[in-house]
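Scroll down for the structure; my scribbles are underneath it.
Numbering (our numbering), first residue to last: 435 to 510.
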């Protein structure tokens, strides 16, 4: 793939690294993807996982310990 002299991707640039795959990097090929766009269900699932795995308790304990550390080390 020759883009000519003076092109920013030619002569030891990005084309030398990617070679013939540069066009595939820039163009989307194949069939389009479909995504589930139910954002509220995703947020609900994430929140339930956050609670179920104990991360909420760890956050609360960390905030409490951090506040106590700040309280005891503050001057004044």
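C-beta: ideal position from N, C-alpha, C; glycine also.
- Between residue 490 and residue 498 the beta-carbon gap is near 13 angstroms, outside 8 angstroms, which marks them as no contact.
- Under the DSSP assignment, residue 489 falls in the alpha helix (DSSP H) whose first and last residues are 489 to 507.
- For residue 482, the uninterrupted alpha helix (DSSP H) run begins and ends at 473 to 486, by DSSP.
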